[in-house]
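Colleague: The structure is given below, and queries will be raised subsequently.
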Amino acid sequence: RTKTGGQLAQFKKKRKNTMGRQPSNTKIGEERIKDVRVRGGNIKRRALRLNTGVFTFLSTGFSAPSAISTVVYHPSCNELMRTNTLTKGSVVRVDARPFLEEAKKVDRCAEDHPLQELLKRDVAYAILTSRPGQCGRAEGYILQGAELEFFQNKLNKQKKVAQ
Numbered sequence: 001r002t003k004t005g006g007q008l009a010q011f012k013k014k015r016k017n018t019m020g021r022q023p024s025n026t027k028i029g030e031e032r033i034k035d036v037r038v039r040g041g042n043i044k045r046r047a048l049r050l051n052t053g054v055f056t057f058l059s060t061g062f063s064a065p066s067a068i069s070t071v072v073y074h075p076s077c078n079e080l081m082r083t084n085t086l087t088k089g090s091v092v093r094v095d096a097r098p099f100l101e102e103a104k105k106v107d108r109c110a111e112d113h114p115l116q117e118l119l120k121r122d123v124a125y126a127i128l129t130s131r132p133g134q135c136g137r138a139e140g141y142i143l144q145g146a147e148l149e150f151f152q153n154k155l156n157k158q159k160k161v162a163q
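By full-length UniProt numbering, the letter at position 147 of the sequence shown is numbered 147, and the numbering carries on one by one without gaps.
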């Protein structure tokens, strides 16, 4: 606005790319990915449903595809956890079978009792580091050590509140 309160002239026309789109809200289910043309003619792969992801075992650097079963914790919104929506930063329960051999190779894993208990049940917790609604795939890392204990405490608190 000007000094006297009048409106200034528009300095830039509206562009289609500033409009935005509906969120993808990636769910767990049979893989369904949609290609979306974006500014500059680029393509974003929008995952609508995913059932697997590539997860890294950080202590060895080993990566393997693994099935995603549920979202167990989300740092920003309980609604996303309740609806099993995959977003960056969400903690998911994954199948641990691809990582069992790697866990045996590392000495630190033998000392990590919470991780060993989960691996006995063929379960592991992982954090998603990719953005499934933008890149079309789920990638992340397996929780270990203090980080795993932190999230297990959060999950135990949620269970106590639910009862």
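C-beta atoms are modelled at their ideal positions from N, C-alpha and C, and glycine is treated no differently.
What residues are listed by DSSP as bridge partners for Pro-98?
Modeller: Its beta-bridge partners do not exist; DSSP assigns none.
Colleague: Just tell me which of Ser-66, Glu-31, Pro-132, Lys-120 has its CA closest to the CA of Ser-90.
Modeller: Pro-132
Colleague: Beta strand (DSSP E) containing Glu-139: first to last residue?
Modeller: Per DSSP, Glu-139 belongs to the beta strand (DSSP E) from 139-142.
Colleague: Go ahead and label Gly-53 buried or exposed: buried means 16 or more other beta carbons lie within 10 angstroms of its beta carbon, across all protein chains shown.
Modeller: buried
Colleague: Three Cβ pairs or more, each shorter than 8 Å: is that satisfied between the stretch 106-126 and the stretch 27-34?
Modeller: no
Colleague: For Val-94, which residues of its own chain have a beta-carbon under 8 Å away from its beta-carbon, when the five flanking residues on both sides are left out?
Modeller: Gly-53, Phe-55, Ser-66, Ala-67, Ile-68, Ser-69, Val-123, Ala-124, Tyr-125, Ala-126, Ile-142, listed in sequence order.
Colleague: What's the C-alpha gap between Phe-150 and Ile-43?
Modeller: Rounded to the nearest angstrom, the gap between the Cα atoms of Phe-150 and Ile-43 is 37 Å.
Colleague: Please tell me whether Lys-27 and Arg-49 are closer than 9 Å, where the distance is taken between their beta carbons.
Modeller: yes
Colleague: Checking 9 Å against the spacing of the C-beta atoms, do Leu-8 and Ala-47 come in under that value?
Modeller: no
Colleague: Between which two residues does the alpha helix (DSSP H) holding Leu-86 run?
Modeller: No alpha helix (DSSP H) contains Leu-86, which DSSP labels as neither H nor E.
Colleague: Could you name the residues of the same chain whose beta carbon sits closer than 7 Å to that of Leu-148, not counting the 5 residues immediately before and after it, in chain order?
Modeller: Closer than 7 Å at the Cβ level, and outside the excluded window around Leu-148, lie Pro-114, Leu-115, Tyr-125.
Colleague: What is the DSSP secondary structure of Lys-154, counted as helix, strand or coil?
Modeller: Judged by DSSP in its simplified three-state form, Lys-154 adopts helix.
Colleague: Tell me the DSSP bridge mates of Phe-62?
Modeller: Phe-57
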